[in-house]
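Residue numbers (my numbering): 97 to 250.
Cβ atoms here follow ideal geometry from the backbone N, Cα and C, with glycine treated the same way.
Because the structure is a prediction, the values reported are computed rather than measured.
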């Protein structure tokens, strides 16, 4: 029975690692976790409580090692946000002052993107049209915190 338990544990670990590296719907993660739970239960029924506790301890240690390895290989940074986001909270009255102002797109608007007005970067959107980067735009409407712009055609 031991070879089957080891094979099930290896398959479970591989599925969990695949889920960590290729995020998707969670199917691999769920199947991997189910395989690891089944492994620990099989160990408990087959070899007793002491082996069960050693198997659980080994799985916890293995997960810690996997996370540390992923951190050192910079794979971890692809999945976890480590930098603080620069958020600019404008109240609606400060945005109302910008209505009618002209600025430039910082990113392409597809239709959402960023525009710069009077030195301030603001999330803006067009009325559905695509506007390329570095194009002149004008704020035509402000709906709450939504800033609607249109391209200035020269």
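{"Asked": "How close, in whole Å, do the beta carbons of residue 197 and residue 213 come, if the pair is a contact with beta carbons under 8 angstroms?", "Found": "5 angstroms"}
{"Asked": "Could you tell me the boundaries of the alpha helix (DSSP H) in which residue 220 lies?", "Found": "Residue 220 -> not in any alpha helix (DSSP H); beta strand (DSSP E) instead, spanning 216 to 222."}
{"Asked": "Just list the residues that DSSP pairs residue 204 with in beta bridges.", "Found": "DSSP lists no partner for residue 204."}
{"Asked": "From the DSSP output, in three-state form, read off residue 249 for me.", "Found": "coil"}
{"Asked": "Tell me the DSSP bridge mates of residue 213?", "Found": "216"}
{"Asked": "Please return the same chain residues whose Cβ sits closer than 7 angstroms to the Cβ of residue 144, not counting the five positions on each side in sequence.", "Found": "none"}
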